[in-house]
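Trainee: Let me begin by handing over the structure; questions about it come next.
There are 2 protein chains.
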Amino acid sequence: MDNRELILQSALDLFYARGYDAVGVQEIVDRAGVTKPTLYYYFGSKLGLLQKLLESQCQILNQGVEEAAKKEGNLPEILYGVARFFFDFAASHEKFYLFMLALFYSGRENEAFQTVAPFIESHYNMILGIFEAAAPQLGNMRGRQKLFAVGFTGVLNHHIMMVSYGRKIDEKFEISNETTYEIVHQFLYGIYT
Amino acid sequence: MDNRELILQSALDLFYARGYDAVGVQEIVDRAGVTKPTLYYYFGSKLGLLQKLLESQCQILNQGVEEAAKKEGNLPEILYGVARFFFDFAASHEKFYLFMLALFYSGRENEAFQTVAPFIESHYNMILGIFEAAAPQLGNMRGRQKLFAVGFTGVLNHHIMMVSYGRKIDEKFEISNETTYEIVHQFLYGIYT
DNA sequence: TGTACATTATACCAATCGGTATATAAGAAA
DNA sequence: TTTCTTATATACCGATTGGTATAATGTACA
Numbered sequence: 057m058d059n060r061e062l063i064l065q066s067a068l069d070l071f072y073a074r075g076y077d078a079v080g081v082q083e084i085v086d087r088a089g090v091t092k093p094t095l096y097y098y099f100g101s102k103l104g105l106l107q108k109l110l111e112s113q114c115q116i117l118n119q120g121v122e123e124a125a126k127k128e129g130n131l132p133e134i135l136y137g138v139a140r141f142f143f144d145f146a147a148s149h150e151k152f153y154l155f156m157l158a159l160f161y162s163g164r165e166n167e168a169f170q171t172v173a174p175f176i177e178s179h180y181n182m183i184l185g186i187f188e189a190a191a192p193q194l195g196n197m198r199g200r201q202k203l204f205a206v207g208f209t210g211v212l213n214h215h216i217m218m219v220s221y222g223r224k225i226d227e228k229f230e231i232s233n234e235t236t237y238e239i240v241h242q243f244l245y246g247i248y249t
Numbered sequence: 057m058d059n060r061e062l063i064l065q066s067a068l069d070l071f072y073a074r075g076y077d078a079v080g081v082q083e084i085v086d087r088a089g090v091t092k093p094t095l096y097y098y099f100g101s102k103l104g105l106l107q108k109l110l111e112s113q114c115q116i117l118n119q120g121v122e123e124a125a126k127k128e129g130n131l132p133e134i135l136y137g138v139a140r141f142f143f144d145f146a147a148s149h150e151k152f153y154l155f156m157l158a159l160f161y162s163g164r165e166n167e168a169f170q171t172v173a174p175f176i177e178s179h180y181n182m183i184l185g186i187f188e189a190a191a192p193q194l195g196n197m198r199g200r201q202k203l204f205a206v207g208f209t210g211v212l213n214h215h216i217m218m219v220s221y222g223r224k225i226d227e228k229f230e231i232s233n234e235t236t237y238e239i240v241h242q243f244l245y246g247i248y249t
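Going down the list, the protein sequences come from chains A and B. The first sequence begins at 57 in this note's numbering and counts up by one. The second sequence begins at 57 in this note's numbering and counts up by one.
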């Protein structure tokens, strides 16, 4: 790993653990084994570092969601594929995904939120697109697409977060393939089955 | 409002807008029209201020959820009541609820997260209790109580957050009584109805 | 009146914040 | 060899961080 990547990695580690605002640049460069001018050479500012961090990872995420959303199949199949990809991505990029979630929920006037907002928006639009494309299968949606999109991402994100939270409080919240199936099934058909 | 309350209010305003770590005590006391020793007289530290803020509001929240959860009725009725209370509380205490959500999603090693964690935990246990109490109505739960509790709170929280987010991007995400009904209905019976 | 307590301000602390001016080292191109 | 570019470190900047020592209020009670 070159210094640029070392900085990105140590920034992610620290941002994930304590959040963007609670971590200083000095700590980031110390952990990466470099000095501040190196960080400012590559990223220009602390916010620039965050931007590059988001760009590199979000590209993978959004591309994967788009692929899963464009697959052939009916709504249940697509939602299952999207959920599966989500949980896989969250597992293999756990620090990044949870950090991004934290940013999404952070104060609207926070600089870091404003940096992540465009990525989240395109993300949300892709999920919304799934339900709009499925309108023929769902009958009269009466504008419930948004409700579904919000509900679906809300369930997925909360489950992802609870996996990490569960480890902390020593409860088990693993998301196996069967669990993924149950989550999507519950979303589609409710809890009475 | 006395100085103590002025400090709590301006702290909430600022924490909500930019997050706990991004806001300094100087800014809080400036906004409240007092000076730092006054803040330290009442709260001892910045973290102590956060603690008092959480205590005062969480008590109202958790008490309301408990009442809604203990009401007579079948599961759908109880869940609707809980959701209704949640959305009402989030509307009337919007800044606080969204700030608490932000804390919940923030880094696990962040001091502020550790302060909010116990409140969230008792909160989660109350929701979990609803599903465990409803086990007779739901047949064999096969340990899905946790899944339901996480899913239900995930949906509610994400909707609450999207109301505020929607205002920002100029989309409408209002949660009327009918919307609340639809959200709970979708949770119970899925999207095909 | 005197005294004790609760409350608040002035003025300060060391440490850290994000960021940079300057110098230097290494490698490629001339 | 000289020069240019890339990449890095030393040492610093003013501003802000959370927090406090000290003193001055106001008020209540003796």
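Idealized CB from N, CA, C, for every residue including glycine. Note that the structure is a prediction, hence the values are computed from the model and not measured.
1) Can you tell me which of A/Glu111, A/Glu165, A/Ser148 puts its alpha carbon nearest to the alpha carbon of B/Gln74?
2) Going along chain B in order, which residues have a C-beta closer than 7 Å to the C-beta of A/Ser162?
3) Within 8 Å (strictly less), CB to CB, does B/Tyr72 reach chain A?
4) Compute the Euclidean distance between the alpha carbons of B/Phe229 and B/Tyr237, then round it to the nearest angstrom.
5) Would you mind giving the Cβ-Cβ distance between B/Ala88 and B/Leu105, rounded to the nearest angstrom? I have them listed as a contact below 8 Å.
6) Only counting runs of 4 or more residues, tell me where the alpha helix (DSSP H) segments fall wholly within the stretch 99 to 181 of chain B, in order along the chain.
7) I'd like to know whether the C-beta of B/Thr91 is nearer than 8 Å to at least one C-beta of chain A.
8) Quick one: which chain B residues come within Cβ less than 7 Å of A/Glu234?
9) Just checking: is the beta-carbon of B/Gly129 within a distance shorter than 8 Å of some beta-carbon in chain A?
10) Within the same chain, show all residues whose beta-carbon is closer than 6 Å to that of B/Phe155, passing over the 5 residues directly before and after it, in chain order.
11) In whole angstroms, give me the CA-to-CA distance for A/Lys92 and B/Leu203.
12) Consider the Cβ of B/Arg200: report whether some Cβ of chain A lies at a distance smaller than 8 Å.
13) Of the choices A/Glu150, A/Leu109, A/Tyr97, whose alpha-carbon is the least far from that of A/Thr171?
14) Express the C-alpha separation of B/Gly246 and B/Gln193 in angstroms, rounding to a whole number.
15) How long is the line joining the alpha carbons of A/His179 and B/Ala147, rounded to whole angstroms?
16) In angstroms with no decimal places, state the Cα-to-Cα distance between B/Gly210 and B/Gln242.
17) Which residues in the same chain as B/Gly163 place their Cβ atom closer than 8 Å to its Cβ, once the five residues preceding and following it in sequence are excluded?
18) Should B/Ile225 go down as buried or exposed, given a rule of 16 or more other Cβ atoms within 10 Å for buried?
19) Give a yes or no on whether the minimum CB-CB distance between A/Gly210 and chain B is below 8 Å.
20) Is the beta carbon of A/Ala125 closer than 8 Å to that of A/Ile186?
21) Which of helix, strand or coil does DSSP assign to B/Phe229?
22) Ignore the nearest five residues each way along the sequence and tell me which others in A/Val240's own chain have a CB closer than 6 Å to its CB.
23) At least one CB of chain A closer than 8 Å to the CB of B/Lys224: is that the case?
24) Beta-carbon separation of B/Leu157 and B/Met217 under 8 Å?
25) Could you give the distance in angstroms between the alpha-carbon of A/Glu188 and the alpha-carbon of B/Gly195?
26) Considering only their Cβ atoms, is the gap separating B/Gln115 from B/Phe152 smaller than 8 Å?
27) Using a Cβ-Cβ distance under 8 Å, would A/Tyr245 count as near chain B?
28) What first and last residue would you give for the alpha helix (DSSP H) that runs through B/Val206?
29) Please confirm if A/Asn166 has its CB atom under 8 Å from at least one CB of chain B.
30) Among B/Ile84, B/Leu117, B/Arg200, which one has its Cα closest to the Cα of B/Phe175?
31) Under three-state DSSP, which class holds B/Arg198?
32) Which residues, taken in chain order from the stretch 117 to 149 of chain B, show a beta carbon closer than 9 Å to some beta carbon of chain A?
33) Can you tell me whether B/Tyr248 is helix, strand or coil according to DSSP?
34) Buried or exposed: which applies to B/Ser101, given that a residue is buried once 16 or more other Cβ atoms fall within 10 Å of its Cβ?
35) Can you tell me the Cα-Cα spacing of A/Phe111 and A/Gln119, whole angstroms?
Mentor: Walking through what the data contain:
1) Here residue 74 of chain B turns out to be Arg, not Gln, going by the sequence shown. Of the listed residues, the one whose Cα sits closest to B/Arg74 is A/Glu165.
2) Gly75, Ala158
3) yes
4) 15 Å
5) Actually they do not touch by this definition, with Cβ atoms about 11 Å apart.
6) 102 to 126, 131 to 148, 150 to 161
7) no
8) Here the premise fails: no neighbours, minimum Cβ distance about 10 Å.
9) no
10) Phe71, Tyr72
11) 45 Å
12) yes
13) A/Leu109
14) 17 Å
15) 26 Å
16) 13 Å
17) Phe169
18) exposed
19) yes
20) yes
21) coil
22) Leu135, Tyr136, Ala139
23) yes
24) yes
25) 34 Å
26) no
27) yes
28) 201 to 224
29) yes
30) B/Leu117
31) coil
32) Leu131
33) coil
34) exposed
35) According to the sequence displayed, residue 111 of chain A carries Glu and not Phe. So the alpha carbons of these two residues sit roughly 12 Å apart.
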